[in-house]
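Asker:
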Amino acid sequence: MDWKGTLEFARGPFFEVALIVFVGGMAYRLMRVVLLGWSRDRVPSKGSKLKGVVISFLKGIVIWPFVPWVKNTFGKKPVMYLAGGLFHFGLFVIIFLGTPHMLVWKSLTGYGWTTLPLPVVDWLAAVTIVAMAALFINRLVDPVLKLITGPAEWLNWLFVFLPMVSGYAMTHHLISPYEMLFSLHMIAVNVMLIWIPFSRISHFMFYFFSKTIHGAQFGKRAVTP
Amino acid sequence: MSEETMYQHLRREGVTRRDFVKICGLLAGAMGLNTFPPLRSSGLPQSLAGEPNPGSLVARALASKPRVPVLWLEFQDCAGCSEALTRSQSPTLIDLVLSKISVEYHETLSAASGFQLEENKMEIMKKYAGKYLLVVEGSVPTGAPEYCFIGGRSAEELLLEAAKGAAAVIATGNCATFGGIPKAKPNPTGAKGVSEIVRDKPVVNISGCPAIPEVFTGTLAHFIVFGALPELDRLNRPLAFYGNTIHDRCLRRAFYEAGKFALSFDDEGARKGWCLYKLGCKGPTTYNACASMKWDGGLSFPVQSGHPCLGCSEPNFWDGGGFYQGQSTPLSKPTLTALGVAAAAGAVVGAAVAATNRSTKKHVTIE
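Chains as they are written, first to last, in our numbering: chain A, 1 to 225; chain B, 226 to 592.
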């Protein structure tokens, strides 16, 4: 098999198409959500909506994840809390602070930044992969999760897992030739990019929208009809 | 002359028996002989089949086989591969293989020129039909043949004519193997590598820009000694030299594993000899012997001297992204306009679907 050609395709035209589908798809999804309808705001607010938004984000991202005992998030679902948290943290670090990935951002946006040393990112990648495996098993055994898990959820897991393992194997040259793993990694990433807008992984963007709207509602001081 | 063995020929050229044995050991090393090729197909006498020492195997082969003439054609090239060979740091070896053993025709190196030289070439081709080795340097313009004419004939015509009677064809340098720089986008001459044109003969690719002289010599010597081509990889390159990537044999590899990278050509990492991956090194996907055989008689090679590998022994290396662009970066990216159009199209489709949904929504009035 001509992996060199495959790699050129996966890093070139396929990536380009995947990125276009990703951007177009996210715009589509956003439009659909925005046009679902808004209830009219008839009563003037006496409080600050902006303050509500800021507090909402602080609580959601900075405070509650790190004080699990207050709301007993760890006690209720330890696997979900630990594996879910580590997975999101690991993913963020790998995508933004892993050197090869920063170079991708730099080539796309023109801006580069300092990255973490490879061993740090590497260990986090291993942790993230283990966390994903734990979440997989959790989904298989948890009675509630079993009820609400369909093919789309398994595909979400798969389309994130494949770039993770192929990237890890590639960094460590686990299977030769290198171009094969590189090609598989790029193909997996491209497939994920195309899949994201039409799946719940789009929460990477919608999370911030819904948090903003909820925050604004929390910040509102008025008698709601 | 064809009846004279290589050993006899060398003795006549003034090579002593002692030097001859030394040279044979060198040749065996240059061929990367750790296992012997199948002897039955190589045309060597069966008595040599049990020979345990590669050096003496080579010696006996040279003592019993006639010399192999080599025709060297140059098309769209810079003569850099010939230059690299003639300025190689192992003159005894190169000199032995090229001038004493074989080369009968070489546009740059031959003392004669013009019609006389062309006539000599035709004579050699007739005399040694089916026996001579054809070496090609440079790519062949197929889209616009007028870019390369020699003696009033096109490169493609000359190549096909010479390949017809050749025992095997060796393409040297990236141009002859994969099209090289002449083939870089937009490829104005319609340049092609030799193996895309010569289909009915075995073509060995000694890629590189230029090809490593010792790799070329080793491959040539392999054919001369065993009468057969060495084991090849999927791109028809000898496995003995192209079996590993630069990255696999790199002296900076430990720094890659440790996550220590040079970030510019003049930072602390660069001075300490750290990994050049972030400066665009193509080592992980480049197969060649630079890191193990090195250049200038084992003195150094680009990565050792502080420059990232360009990937010059791989097809289309000229179009494979910027030389100083990290290997993880995309080769092409959509323009802002394309992304804008995609976003707008997505939004329009979204709005249209939302509008359709609204218009078909049933309004329930609660009494």
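A virtual CB, placed ideally from N, CA and C, is assigned to each residue, including glycine. Computed from a predicted model, the values in this text were never measured in an experiment.
Does the Cβ of Tyr207 of chain A have 16 or more other Cβ atoms within 10 Å, making it buried, or fewer, making it exposed?
Answerer: So Tyr207 of chain A ends up on the exposed side.
Asker: By the criterion of Cβ-Cβ separation under 7 Å, what are the contact partners of Arg11 of chain A in chain B?
Answerer: Here the neighbours are Pro555 and Leu556.
Asker: Along the beta strand (DSSP E) that carries Tyr330 of chain B, what are the first and last residues, could you check?
Answerer: Counting along the chain, the beta strand (DSSP E) containing Tyr330 of chain B begins and ends at Val328 to His331.
Asker: Between Gly368 of chain B and Gly415 of chain B, is the Cβ-Cβ spacing less than 8 Å?
Answerer: Against a cut-off of 8 Å, the Cβ pair of Gly415 of chain B and Gly368 of chain B comes out as a contact.
Asker: Three or more C-beta pairs under 8 Å: does that hold for the stretch 398 to 405 of chain B against the stretch 534 to 546 of chain B?
Answerer: As far as the Cβ criterion goes, the stretch 398 to 405 of chain B touches the stretch 534 to 546 of chain B, which means the pair count is three or higher.
Asker: Which chain B residues sit within Cβ distance under 8 Å of Tyr178 of chain A?
Answerer: The answer, in chain order, is Thr470, His472, Pro509 and Thr510.
Asker: Output, in chain order, the set of chain A residues within a Cβ distance shorter than 8 Å of Ala567 of chain B.
Answerer: Those within 8 Å of Ala567 of chain B in chain A are Ile20, Val21, Val23, Gly24 and Ala27.
Asker: Would you tell me roughly how many angstroms separate the C-alpha atoms of His173 of chain A and Val578 of chain B, rounded to the nearest one?
Answerer: Cα-Cα distance, rounded: 47 Å.
Asker: Considering only C-alpha positions, which residue in the set A:Leu7, A:Gly24 and A:Trp3 is nearest to Thr562 of chain B?
Answerer: Checking every option, the nearest Cα to that of Thr562 of chain B belongs to A:Gly24.
Asker: When the cut-off is 8 Å and only beta carbons count, does Ser107 of chain A lie next to chain B?
Answerer: Taking Cβ atoms only, chain B reaches closer than 8 Å to Ser107 of chain A, which makes this a yes.
Asker: Does DSSP put Leu158 of chain A in a helix, a strand or coil?
Answerer: Reduced to three states, the DSSP call for Leu158 of chain A is helix.
Asker: Where do the ends of the beta strand (DSSP E) carrying Asn430 of chain B lie?
Answerer: Looking at the DSSP string, the run of the beta strand (DSSP E) that includes Asn430 of chain B is Val428 to Ile431.
Asker: May I ask you to list the residues that DSSP assigns as paired with Ile395 of chain B?
Answerer: Paired residues: B:Val360 and B:Val429.
Asker: Could you list which residues in chain A have their beta carbon closer than 7 Å to that of Pro559 of chain B, in chain order?
Answerer: Going along chain A in sequence order, the residues near Pro559 of chain B (Cβ under 7 Å) are Glu16, Leu19 and Ile20.
Asker: Grab the span of the alpha helix (DSSP H) containing Leu445 of chain B for me, first residue to last.
Answerer: Segment Pro438 to Phe451, the alpha helix (DSSP H) holding Leu445 of chain B.
Asker: Please confirm whether Glu539 of chain B has its beta-carbon closer than 8 Å to some beta-carbon of chain A.
Answerer: It does: the Cβ of Glu539 of chain B has a partner Cβ on chain A nearer than 8 Å.
Asker: Note down the Cα distance separating Gly305 of chain B from Ala436 of chain B, rounded to an integer number of angstroms.
Answerer: If I take the Cα positions, the gap works out to 9 Å.
Asker: Could you check whether the stretch 202 to 220 of chain A touches the stretch 41 to 49 of chain A, counting it as contact only if at least three pairs of C-beta atoms, one from each stretch, sit closer than 8 Å?
Answerer: With a cut-off of 8 Å, the stretch 41 to 49 of chain A and the stretch 202 to 220 of chain A count as touching, because enough Cβ pairs lie within range.
Asker: Going along the chain, which residues of the stretch 338 to 349 of chain B sit with their C-beta nearer than 7 Å to a C-beta in chain A?
Answerer: Result list empty, no residue passes.
Asker: Using a C-beta cutoff of 8 Å, does Leu35 of chain A count as contacting chain B?
Answerer: Yes, because at least one Cβ of chain B sits closer than 8 Å to the Cβ of Leu35 of chain A.
Asker: Below 8 Å on the Cβ atoms is my contact criterion, and I expect Met186 of chain A with Leu7 of chain A to pass it. Report the Cβ-Cβ distance as a whole number of Å.
Answerer: That pair is a contact at about 7 Å.
Asker: Would you say Thr99 of chain A faces chain B, with C-beta separation under 8 Å as the test?
Answerer: Taking Cβ atoms only, chain B reaches closer than 8 Å to Thr99 of chain A, which makes this a yes.
Asker: Between the beta-carbon of Val67 of chain A and the beta-carbon of Gly90 of chain A, is there less than 8 Å?
Answerer: No. Outside cutoff.
Asker: Indicate the three-state DSSP secondary structure (helix, strand or coil) for Pro583 of chain B in the structure shown.
Answerer: Going by the sequence as given, residue 583 of chain B is Arg instead of Pro. DSSP places Arg583 of chain B in helix when its eight states are reduced to three.
Asker: For Ile375 of chain B, write down the residues that DSSP places opposite it in a beta bridge.
Answerer: DSSP, once it has assigned bridges, lists B:Arg378 as partnering Ile375 of chain B.
Asker: For Glu456 of chain B, name the three-state secondary structure that DSSP assigns.
Answerer: Looking at Glu456 of chain B - three-state DSSP - the assignment turns out to be coil, as it is neither helix nor strand.
Asker: Can a CB atom of chain A be found closer than 8 Å to the CB of Gly545 of chain B?
Answerer: True, the Cβ-Cβ gap to chain A drops below 8 Å.
Asker: Is Val104 of chain A close to chain B? Criterion is C-beta to C-beta, closer than 8 Å.
Answerer: Chain B contact via Cβ: present.
Asker: Helix, strand or coil for Thr511 of chain B, going by three-state DSSP, please let me know.
Answerer: Of the three classes helix, strand and coil, the one that applies to Thr511 of chain B here is coil, per DSSP.
Asker: Note down the Cα distance separating Ser335 of chain B from Ser327 of chain B, rounded to an integer number of angstroms.
Answerer: Their Cα atoms are separated by approximately 12 Å.
Asker: Whose C-beta lies closer than 7 Å to the C-beta of Met180 of chain A among residues of the same chain, with five residues either side of it excluded?
Answerer: Excluding residues within five positions, the ones whose Cβ falls inside 7 Å are Trp3.
Asker: Go to Leu298 of chain B, then tell me how far its beta strand (DSSP E) extends in each direction, as first and last residue.
Answerer: Here the beta strand (DSSP E) through Leu298 of chain B covers Val295 to Glu299.
Asker: Quick one, which of B:Ala393, B:Glu439 and B:Leu564 has its alpha-carbon nearest Val419 of chain B's?
Answerer: Val419 of chain B has its Cα closest to that of B:Ala393, out of B:Ala393, B:Glu439 and B:Leu564.
Asker: Could you tell me the distance, in whole angstroms, from the CA atom of Val53 of chain A to the CA atom of Ile137 of chain A?
Answerer: Looking at the two C-alpha atoms, the distance is approximately 35 Å.
Asker: Taking Gly494 of chain B as the reference, which of B:Arg477, B:Lys507, B:Gly452 and B:Leu252 has the closest Cα?
Answerer: For the residues B:Arg477, B:Lys507, B:Gly452 and B:Leu252, the minimum Cα distance to Gly494 of chain B belongs to B:Arg477.
Asker: Using the beta-carbon count (16 or more within 10 Å), is Tyr111 of chain A buried or exposed?
Answerer: Exposed.
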